[in-house]
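Take a look at the structure set out below.
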Amino acid sequence: MRVVVCLKQVIDPLTPATSLVLDQKAKKIRVGTPAPPVINGFDEQGLEAALRLREADKEAEIVCVSVGEHFNNDVMKRSLAVGADQLILVQDASLDTFDPYPIASALAAVIRQIGGADLVLCGRQGSDWDNALTPYILSDMLGMPLLTLAKRVGVADGKVEIERVLSDGTMTMAATLPAIVTVTSELGTLRMPTVAARLTAARKQPRQIAFAELGAAAASTHPPQVVGLAVPVAGRNCTFIEGADGAAAGARLAETLLHAGTIRLGGER
Amino acid sequence: MSVELALRLLVIAAAFAWAGFRFARLARPLMATASEARLTPVAPRAWGVVINILGHRRLLRKPYAGFLHLFMFFGFLFLLTAVIQILGAGVSPIFDLDWIGGSTWIAFGQNLFALLLLIGVAMAAWQRLVLAPPRFVGSNQTDAAIILGLIATIVIGMLLQNACRIATGGDASAAWRPLSSLIARGLAAAGMSGASAAAAATAFAWIHMLAILVFLVYIPSSKHLHVVVGIPNVYLRDLTPAGRLATSDLEQPRLGLSDIAQLGRKQTLDLYACTECGRCQELCPAYASGKPLSPKKLIMNLRDHLLAAPAGGGARAPLIGGAIEEETVWSCTTCRACMEACPLFIEHVPKIVDMRRHLAMEAASVPEGISGAVLSIEQRGHPWAGTRFSRTDWRHDLDVRVLAPGEKTDVLLWVGCTAALDARAQKIARALVNLLRTANVDFAILGEDEKCTGDVARRTGNDFLFQMQAAANVETLNARSFARIATVCPHCMNTLKNEYGDFGGAYDVVHHSQLLAELIEHGRLPSVADAASEVTFHDPCYLGRYNSEFDAPRAVLEASGAHVVEMERSRERSFCCGGGGGRVFAVEPPDQRVNARRAAQARETGAATIATACPFCLLMLEDGCKSVAGLAAGARTQPVRDIAEILEEIVIRRSTGVSA
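Here it is as structure tokens:
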């Protein structure tokens, strides 16, 4: 079984706002201080799902694929350190884009070029633009069924079965392979690599595939546009809720939160 | 040859052979280990033996237990003459020590020290049975009882043997044995004399000798093995700075400790040296907070694991997950209270860190909170994932100089991740900057180029990451000129001062408490004479126990007009805040929080303020105070402040003319 995990290199989502530089002309967000990027956290969870699948099926092959404008190899090689068999990188300036279409197109082309996949795992969304569209476009391009928001992924008898996270519980879904699954944070974080695996990974080189070789579509015919960029203003406001006694203050607090929309009455959705 | 002599010879030979076999069984794993090469320097090592073994320095910190041991120790030492006499006489009828005073001053000494020994045994029995301090929980009490019984039998056997011999009327040493003579008079009054006394003397001589031989054979499987390995264990103690952990050789095929055979010789000897006295357990914050770690049980379990013969020659049970649980390994705050307390210099913390090294670097099994912090150090150069600050935001309005490569300053202020990135701890850095300005100190910071020293990574076992951090920081530091480094955090101070030497970084490093105390002493910062308020000071482990600085922070507090009231556990015996060894990032079960216990101890002093000198301690204690105050309805939390913040307030009052 070949499991392809799609990884995206993103700006560290925990970068403090004061370190962000907004390039209003190019409509790009950059980090003002020398801070390395990270692998999108949801994608890392996709890799963790793949590693867990391999614990059950030792024959499974894990291929990580990433497409982007520029890569920090040390960061991307973490995938090899935790146990991926192969890391494929496709680099092209056109791949640093808000538009998910060329990203999905490049990913689909890579997957076709390596001979297809039995299972494609993606994070539920990228932490840079939060579009959550690439897996949908990819499933269409590859003609594979898409199962989303998995907190557990299992493969048996040519089928993938997932536990899908809902706001009030879970839902079990299955599809015949080949299929695409997006995973969500409930699946758990990516495991730590051992030092021996890191040192081995450090000596490996990712496989580079030239973008031109892929024949992927460069852009949508009419891609979405970024109009402007702004750092959200995080405000803090402190209000002292007073009451005759604890119970009265508690009731006032509930009322205040209800008006603010922070809590809802039971049964109301 | 008389039948009795032949029998004695046989018994002695058999006992020695048996004991030899049992000692050899202990020696085998010990000799198979790699030596740590700690035989030199001789003078300080030997002096340590003198003050700690002969002088009982650490033992006497507990006067009752210390004195009872002192009595037994010197009694045992002197009664070795009796052992020589009885075993000598056992193999040769003409053997005696009379030519060096065997029946004069040695005889007297034996009587005197026998009495001391008996007093010691009685005190020990009282301690075990009546006082029963909790430090003995988990120790082998049967073993202790057997040992006390054997010692008493040896001593009483000797006294009665001598008394019976005196009662026969033919003992020249009678005048030198007042205690035995007293007993002899009692025996004579009871009608014992002549042949019956001689027969009884022989019987007691046998009891005396047999008890000695049983003791000899028994020792290898007893905590009393420390009579043999105690001295070498103290001699071979670690003389490197307390705060320096050995650097892992990452080229080795095995990283950390996962197999007991990987322990070095002194580390193995530690396991034999443990007397199960529990002084470590008594002071351990992890144990006190109900976690599965007791330093004493850890050493005992390692020892039992070492000596557990593999069934059928197969492999031993796993060390971690078998003899020692992972959770136990992670419970340690590396506060060093155990190592400071151990009378025999057993090294608990290096073993724990070594097991963590296996877990972190080979097994990649690290608890959730800690792994997140370590990953953040790797990805962002600091453990505070999710902070909303950049490393220089704290000084946005302070205009602090950032030292560029090639530039020079007198004091390089090493801010540290916590003081730079945590909203509360930033106030320490800001206070310190104001104080340094007041004192006209030429200082600068590294700004964005400063990275985590790696303390958290190293003490949670990830020496790989620690070494990367150290190499990067040494490169940054060596590209700049400064007279010395002053740190906000004791952990940074410890690592920069004691651990960067292996990476080409040799610096003069002080903690901010030391710098402030110095500036006060030189009159560059003001000092207030009258004590206005009561403050209790929490000693950070990495400032106090690890780097022996207890006075500077107290001097700063006193200069700030504070009257320092001590907690029951302070200075060398200070109780950790719970944040050391990476535990500040660990997820503590609500009922096992070390910081809540320390906050309660601070509260007991009744002091208006809790002062400390470490950002980790500050955050841990503030948090602990909230939960303690929450328990006492309506109670207000004591403010927790860094000494720099307290001093800064005085300086501001001075400069604005407001009287205290």
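Protein sequence lines correspond, in order, to chains A and B. For the first sequence, the working numbering assigns the number 246 to the initial residue and increments by one for each residue that follows. For the second sequence, the working numbering assigns the number 11 to the initial residue and increments by one for each residue that follows. C-beta atoms are modelled at their ideal positions from N, C-alpha and C, and glycine is treated no differently. All values derive from a computational prediction rather than experimental measurement.
Are the C-beta atoms of residue i and some chain B residue less than 8 Å apart?
i, result
"T263(A)", "yes"
"L259(A)", "yes"
"R436(A)", "yes"
"V440(A)", "yes"
"T278(A)", "yes"
Please classify residue i: does DSSP put it in a helix, a strand, or coil?
i, result
"V147(B)", "coil"
"T427(A)", "strand"
"S311(A)", "strand"
"C367(A)", "strand"
"S669(B)", "Confidence in S669(B) is poor, its pLDDT being 49 and thus under 50, which makes the residue's placement unreliable; the coordinate value appears in the next sentence. Note: S669(B) maps to coil in three-state DSSP."
"A496(B)", "strand"
"G112(B)", "coil"
"M416(A)", "strand"
"V661(B)", "helix"
"F77(B)", "helix"
"K272(A)", "coil"
"T263(A)", "helix"
"W216(B)", "helix"
"G240(B)", "helix"
"R514(A)", "Per-residue confidence for R514(A) stands at a pLDDT of 46, beneath the threshold of 50, marking its modelled position as unreliable; the derived number appears in the next sentence. In this structure, R514(A) counts as coil in the three-state DSSP scheme."
"K437(B)", "helix"
Less than 8 Å between the beta carbons of residue i and residue j, yes or no?
i, j, result
"C624(B)", "N605(B)", "no"
"L40(B)", "R275(B)", "yes"
"M246(A)", "D302(A)", "yes"
"S372(A)", "P281(A)", "no"
"E458(B)", "R401(B)", "yes"
"V294(B)", "P305(B)", "Per the sequence shown, residue 294(B) should be read as Cys rather than Val. Yes, the pair counts as a contact, with Cβ atoms nearer than the cut-off."
"L97(B)", "I22(B)", "yes"
"E350(B)", "E582(B)", "yes"
"A124(B)", "L78(B)", "no"
"A294(A)", "V428(A)", "yes"
"I307(A)", "I454(A)", "no"
"T379(A)", "P347(A)", "no"
"S258(B)", "D473(B)", "yes"
"V426(A)", "L364(A)", "yes"
Counting contacts by CB-CB distance shorter than 8 Å, is residue i in contact with chain A?
i, result
"S381(B)", "yes"
"V376(B)", "yes"
"S400(B)", "yes"
"T397(B)", "yes"
"D314(B)", "no"
"R372(B)", "One point to set straight first is that residue 372(B) is Glu, not Arg, in the sequence displayed. So yes, E372(B) belongs to the interface."
"E614(B)", "no"
"A670(B)", "With a pLDDT of 42 at A670(B), under the threshold of 50, the modelled position of that residue is not reliable, and the figure given next carries that caveat. No, no contact with chain A."
"D432(B)", "no"
"L265(B)", "yes"
"L260(B)", "yes"
"F474(B)", "yes"
Among the candidates the options, whose CA atom is the shortest distance from the CA of residue i?
i, options, result
"E509(B)", "E559(B), A318(B), D465(B), L529(B)", "D465(B)"
"V13(B)", "F77(B), P103(B), F585(B), A75(B)", "P103(B)"
"T439(A)", "L293(B), L127(B), R366(B)", "R366(B)"
"A353(A)", "G388(A), D337(A), E431(A)", "G388(A)"
"E2(B)", "S375(B), P353(B), F585(B)", "The structure shown does not extend to residue 2(B), since chain B spans only 11 to 670, so no value can be given for it."
"T497(B)", "Y552(B), G533(B), H406(B), A609(B)", "Y552(B)"
"P279(A)", "E460(B), Q95(B), R468(B), G589(B)", "E460(B)"
"A16(B)", "V101(B), A162(B), Q389(B)", "V101(B)"
"A527(B)", "H218(B), E568(B), R490(B), C499(B)", "E568(B)"
Using a cut-off of 7 Å between C-beta atoms, extract the partners of residue i located in chain C.
i, result
"P281(A)", "Here the protein chains are A and B, and chain C is not one of them."
Measure how close the beta-carbons of residue i and residue j come, nearest whole angstrom, since I'm counting them as under 8 Å.
i, j, result
"L160(B)", "F225(B)", "5 Å"
"V327(A)", "R436(A)", "6 Å"
"N483(B)", "T470(B)", "The pair is not a contact, with the Cβ atoms about 18 Å apart (cut-off 8 Å)."
"A449(B)", "L316(B)", "The Cβ separation is near 55 Å, so there is no contact."
"R55(B)", "Y245(B)", "5 Å"
"S543(B)", "A565(B)", "With a Cβ gap of about 17 Å, S543(B) and A565(B) do not count as contacting."
"G368(A)", "N317(A)", "At roughly 18 Å, the Cβ-Cβ gap does not stay under 8 Å, so G368(A) and N317(A) are not in contact."
"A377(A)", "Q370(A)", "4 Å"
Any heavy atom of the ligand GDP within a distance shorter than 7 Å of the CB on residue i?
i, result
"D518(B)", "Ligands in the displayed structure: none, and consequently the ligand GDP is not present."
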